[in-house]
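Only one structure is covered here, and it is reproduced in the block below.
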Amino acid sequence: LFDDVYQRRSAVIEDTGIPAPAFIPRFEATATRPALSPVAEITTLDAEEIASAVEPGGALALHFPGYEHRTQQVAMLKAVAQALSDQQHLLVEAGTGIGKSLAYLIPAFTWAMQNGERVVISTNTINLQDQLTHKDIPDLQAAMQAEYRAAVLKGRANYLCPRRLAAMRRLGPRDADEARLLAKVLVWLHQGGSGDRGQINIVRGGQAAVWARLSADSIDCMPDSCRQHANDACPYYHARDAAESAHVVIVNHALLLADIVTGNRVIPEYRYLIVDEAHHLESATTQGLTIQVTEGGLRRQLHDLTSSEGGLLERVLQLAQRELPPENLPTVQEVVNTIQKLTRDCQELTTDLFAALTTFLEDRREGQSLGPYGQRDRILPSTRTLPHWSEVEVAWEALRVPLKAIHENLATMADDLAAFADQAGSVAEDLAVSMRSHALSMTETRSYLENMIFDPTPNMIFWLEHSQRQAAPSLHAAPLEVGPLVEKFLWHKKESVIMTSATLTTAGEFDFIRRRLNAEDADELALGSPFDYESSTLLYLVDDIPDPNAGPPYQRSLEQSLNALCRATSGRALVLFTSYQQLRRTAHAITARLAAEGILVYEQGEGASRHALLETFRTSEQAVLLGTRSFWEGVDVPGPALSVLAITRLPFDVPNDPIVASRAETYENPFGEYMVPEAILRFRQGFGRLIRTKSDRGIAVIYDHRVLSKHYGRAFIDSLPRSTIRQGPMHELPAAAARWLGE
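Per my numbering: the sequence shown = residues 23 to 765.
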């Protein structure tokens, strides 16, 4: 499926052949350096020599008073240096507090400068990217007194395309959203904006859709041509040039594999890769390669084509009436009429298709209404034999014929416009490339629907989704396994791939992550945290709370215990949930009672951003923060502000999630071999929020008795750093917490 998309896009790029228009907004030129050039003969790293930088009396200790020597950091640095030198692959688990960023940055920069070979570093979060670019790398440059060059590179959709912006200005905004965003972008550029989306606030919904039409992500954006004809005005190429000359290029996981698989080729050629937050590589890649088709999305494609208010065909007619001899107008009008008729047919047939999908899902629910969690049904071979699925296939067969005809007519018209560009100028050029883009988009949608409904691609997961917020179901597709892609494009293609995280092992072994990422041949190194958890951390296992699936009895017990615990500790607690509904119920129950004691409760989803919530919590003397999935990791609140960590339930994936269910089925023992290891990795991440420095002290409370009553429970506890463990009832917890924290 992805190969088909790549081949189509490549063909369109080669066939376009339209020069960029002269009217392109200027961006401030950036100083460029020559691209890195590999040396003729690789020079291996002296691991002992470069490790001296983090040893006592080394460059970092001399530059930063109080810099802590950590034997684990030295060991990791040497292992990374050796892997680069030996051109080997390596898995490194680096516990909290090791300082793993410096442990891979120092050998990465040394390798790049010594051998003229850029090293790509991939992260999962913006927070880590910011830490690397704004703190770790500047600190390292200052301490080492070296001219390290680093660049952050994002996907094409993050960069403004000057040619497309110029075209929108010439043709005028089609609607209010285009007018608003166009004005916002022009003001931003006037104030020195770089063309990077990260610097401008774009409202979700309509404005985000407009940005997609302005960004360098589409086929009708031609950076090569812009570069040639517009004095290097392209922000994407500014970023690309910086990456070409950088020793280290920082990207995110979503871009890393999607860039290769879909053929976008944003990242410059590289042979050495370091993946931080590697436990997220599979999920981030899956998300980046997941396809979704909605009724609204398909209708928007058709509407953008035929709208009387700035639609593509309307603009073609206006151009023809203005520029063509009168005798040629009937020919253009005939093609436009044909496409308009086909589009009207598609609109009606789209209604039929999604009505058939709705009927199919209703039949699967056996008369039950859509619940608050909606409905997600996999499309399996057996699905295609069920009642009402044949109606879906019939509806799709009717729709795909006019969809294909629209593509063919658009492609023909685009060729005619391209030939007409010399006479009609930039407007014809803009319309021609827009038509090619629209034709490609329609073809991709048609290909996706064909795969989902009629001709499924092997090793893909297909499913239908419907919720109370959706007027009609949506269709989805995702890769069954990411491991083969990692193996094909990374393990086999790169000289050295180093993957690191604080959580790569389960039960002390790398077996699970090896299978998920096809990392059979990689070396491994597990380094524990330098923190003394036995002295700093009390792990309290509640043994008398009802089963978490018991409903109200469990919820009441949880609320009562949290209320008493937070009173005893003056708040200072992070409470982790697996369900937003449970979080809301808990917040409703404890907020007023704790407020009476001067303890504030902050909850995820109140409207404040994740960053704002964390900053407010960090600076509050007595506060409780309630968070779901995104708060299980990336929360860094050192000191007494976070002294209590409460885990309400073991963080298992939802078993009927289409991706989870499909991947679990590839194991002989789905629960034990897939569900449990996945949950353990997330559990370890959650636990890691508590102790962030060697002087921290805290208590972690597990409100899920399954760690004591189920055979797999011990694996969760054994996966944690060796702490002081106590098993006891809820009523003894507040006093135990107060004693441990010295209250």
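Heads up, the beta-carbon is just placed ideally off N, CA and C, and yes, glycines get one too.
What are the start and end residues of the beta strand (DSSP E) that includes residue i?
i: residue 750; result: 746 to 750
i: residue 496; result: 496 to 501
i: residue 115; result: 112 to 116
i: residue 136; result: Residue 136 -> not in any beta strand (DSSP E); alpha helix (DSSP H) instead, spanning 122 to 137.
i: residue 142; result: 141 to 145
i: residue 623; result: 622 to 625
i: residue 707; result: Taken as a continuous stretch (DSSP letters only), residue 707 belongs to no beta strand (DSSP E), being part of the alpha helix (DSSP H) at 698 to 709.
i: residue 649; result: 645 to 649
i: residue 105; result: That residue, residue 105, is in no beta strand (DSSP E); its alpha helix (DSSP H) goes 93 to 108.
i: residue 723; result: 720 to 724
i: residue 518; result: 518 to 523
i: residue 669; result: 666 to 669
Whole angstroms are fine: how far does the CA of residue j sit from the CA of residue i?
i: residue 417; j: residue 479; result: 20 angstroms
i: residue 128; j: residue 72; result: 7 angstroms
i: residue 300; j: residue 523; result: 6 angstroms
i: residue 409; j: residue 402; result: 14 angstroms
i: residue 680; j: residue 695; result: 18 angstroms
i: residue 197; j: residue 232; result: 10 angstroms
i: residue 485; j: residue 742; result: 36 angstroms
i: residue 157; j: residue 387; result: 53 angstroms
i: residue 547; j: residue 646; result: 37 angstroms
i: residue 672; j: residue 187; result: 49 angstroms
i: residue 371; j: residue 499; result: 22 angstroms
i: residue 317; j: residue 120; result: 49 angstroms
i: residue 658; j: residue 711; result: 6 angstroms
i: residue 720; j: residue 400; result: 43 angstroms
i: residue 264; j: residue 229; result: 29 angstroms
i: residue 328; j: residue 649; result: 45 angstroms
i: residue 766; j: residue 545; result: In the structure as shown, the chain begins at 23 and stops at 765. Residue 766 is therefore absent and cannot be evaluated.
i: residue 354; j: residue 192; result: 22 angstroms
If distances are taken between C-alpha atoms only, which option among the options comes closest to residue i?
i: residue 183; options: 751, 657 and 238; result: 238
i: residue 749; options: 728, 763 and 741; result: 728
i: residue 324; options: 467, 308, 556 and 274; result: 467
i: residue 221; options: 227, 730, 211 and 136; result: 211
i: residue 377; options: 357, 103, 755 and 414; result: 414
i: residue 739; options: 381, 707, 753 and 78; result: 707
i: residue 543; options: 112, 74, 90 and 99; result: 112
i: residue 675; options: 260, 693, 718 and 263; result: 693
i: residue 194; options: 124, 117 and 336; result: 336
i: residue 497; options: 160, 655, 116 and 483; result: 483
i: residue 566; options: 63, 723 and 153; result: 723
i: residue 616; options: 632, 585, 326 and 610; result: 585
i: residue 123; options: 472, 313 and 520; result: 520
i: residue 704; options: 688, 257, 291 and 653; result: 653
i: residue 664; options: 733, 591, 730 and 606; result: 591
Please classify residue i as buried or exposed, where buried requires at least 16 neighbouring CB atoms within 10 angstroms.
i: residue 761; result: exposed
i: residue 395; result: exposed
i: residue 757; result: exposed
i: residue 691; result: exposed
i: residue 151; result: buried
i: residue 412; result: exposed
i: residue 769; result: An answer regarding residue 769 cannot be provided, because it is not within the stretch 23 to 765 covered by the chain.
i: residue 769; result: Any question about residue 769 goes unanswered here, given that the chain covers just 23 to 765.
i: residue 715; result: exposed
i: residue 266; result: buried
i: residue 709; result: buried
i: residue 94; result: buried
i: residue 139; result: buried
i: residue 639; result: buried
i: residue 404; result: exposed
i: residue 571; result: exposed
i: residue 717; result: exposed
i: residue 115; result: buried
The alpha helix (DSSP H) that contains residue i, what's its start and end?
i: residue 153; result: 148 to 153
i: residue 190; result: 184 to 193
i: residue 289; result: No alpha helix (DSSP H) contains residue 289, which DSSP labels as neither H nor E.
i: residue 211; result: 198 to 212
i: residue 270; result: Not the alpha helix (DSSP H): residue 270 falls in the beta strand (DSSP E), residues 270 to 274.
At a Cβ threshold of 7 angstroms, is residue i touching chain D?
i: residue 616; result: No chain D is present in this structure, which holds just one protein chain.
query: Curious, which full-length alpha helix (DSSP H) runs of at least 4 residues does the stretch 344 to 413 contain?
result: 351 to 387
Length at least 3, wholly inside the stretch 528 to 580: the beta strand (DSSP E) runs in chain order: 545 to 549 and 559 to 564
- prompt: Which runs of the beta strand (DSSP E), 3 residues or longer, sit entirely within the stretch 448 to 490?
  reply: Listed in chain order, the complete beta strand (DSSP E) runs (minimum 3 residues) inside the stretch 448 to 490 are 482 to 488.
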